[in-house]
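Heads up, the thing below is written out as structure tokens.
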């Protein structure tokens, strides 16, 4: 899996990409992460990548020429999927993460200031993605989120593949509660079913807990989740209404 990141602050990524699973994934060659400093594609002597917007208004806008040159460079080694990170994009979720993983080569454009020239947005990108309904300083933090979320799906990046398949959102539900030693903590006991050794009962308990947590915290997710008749019967006991 290859990521090309277009940014004016490549140094922003130095620390996060040198620790943990992302560091190991790069060392193993499972993923590659490359940076294109947008200022390297500005040909004027001041390396200007932004300018004032036509029509007036506050802030600055990324110029089209440097962005176009940077995008074109990424195309020399394949057919990448170009993504612009901005608050106006599709709201990121696990389904979109899987879509991005299938592309195998992503170019992530980190917006700043008041955004990018609309001609780039309209004619030279394939997708526009937001990580939430809020505003941050730039797209770099969003790029890190996408890199980490997508990298987790690459075989070998996460030690136990089963943990990826059962984590939060992977099946459209929030994850069930987890417990570890000691069995008794300040009088609070681990649920007995988890100590039973009966794997069928444990799986049933975990499924029901996932359903319960999702119903209480994110009931909107249930509309798109794949629910069995048994799941629906359990949810109805909690007060869930299928047509609501």
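Residue numbers (this note's numbering): 559 to 802. Ideal Cβ placement from N, Cα and C applies to all residues, glycine included.
Consult DSSP for residue i and reduce its assignment to one of helix, strand or coil.
{"i": "residue 604", "result": "coil"}
{"i": "residue 632", "result": "helix"}
{"i": "residue 753", "result": "helix"}
{"i": "residue 567", "result": "coil"}
{"i": "residue 789", "result": "helix"}
{"i": "residue 664", "result": "strand"}
{"i": "residue 645", "result": "strand"}
{"i": "residue 597", "result": "helix"}
{"i": "residue 834", "result": "No answer is possible for residue 834: it lies beyond the span of the chain, which begins at 559 and ends at 802."}
{"i": "residue 659", "result": "helix"}
{"i": "residue 620", "result": "strand"}
{"i": "residue 685", "result": "strand"}
{"i": "residue 609", "result": "strand"}
{"i": "residue 709", "result": "helix"}
{"i": "residue 715", "result": "coil"}
{"i": "residue 777", "result": "helix"}
{"i": "residue 798", "result": "coil"}
{"i": "residue 762", "result": "helix"}
{"i": "residue 650", "result": "coil"}
{"i": "residue 767", "result": "helix"}
{"i": "residue 676", "result": "helix"}
{"i": "residue 732", "result": "coil"}
{"i": "residue 585", "result": "helix"}
{"i": "residue 738", "result": "coil"}
{"i": "residue 782", "result": "coil"}
Tell me residue i's beta-bridge partners as DSSP assigns them.
{"i": "residue 580", "result": "Per DSSP, none; premise fails for residue 580."}
{"i": "residue 696", "result": "670"}
{"i": "residue 640", "result": "665"}
{"i": "residue 591", "result": "561"}
{"i": "residue 572", "result": "The partner list for residue 572 (beta bridge, DSSP) is empty, contrary to what the question assumes."}
{"i": "residue 746", "result": "743"}
Roughly how far, in whole angstroms, is the beta-carbon of residue i from the beta-carbon of residue j, given that I think they are within contact range, below 8 Å?
{"i": "residue 666", "j": "residue 641", "result": "5 Å"}
{"i": "residue 655", "j": "residue 711", "result": "7 Å"}
{"i": "residue 798", "j": "residue 780", "result": "7 Å"}
Pick from the options: whose alpha carbon is nearest that of residue i?
{"i": "residue 591", "options": "674, 708 and 764", "result": "708"}
{"i": "residue 714", "options": "584, 763, 800 and 562", "result": "584"}
{"i": "residue 631", "options": "789, 617, 787 and 595", "result": "595"}
{"i": "residue 697", "options": "597, 615 and 673", "result": "673"}
{"i": "residue 623", "options": "597, 671 and 643", "result": "597"}
{"i": "residue 608", "options": "614, 620, 616 and 615", "result": "620"}
{"i": "residue 636", "options": "610, 615, 664 and 616", "result": "664"}
{"i": "residue 652", "options": "787, 610 and 782", "result": "782"}
{"i": "residue 615", "options": "747, 682, 671 and 662", "result": "671"}
{"i": "residue 693", "options": "570, 669, 675 and 660", "result": "669"}
Q | Segment contact, 8 Å Cβ cut-off, at least three pairs: the region 765 to 779 with the region 730 to 750 | A | yes
Q.
Under 8 Å: do the region 674 to 693 and the region 635 to 652 share three or more Cβ pairs, one atom per stretch?
A. yes
(Q) Is it the case that the region 696 to 707 contacts the region 593 to 606, given that we only count it when at least three CB pairs across the two stretches are under 8 Å? (A) no
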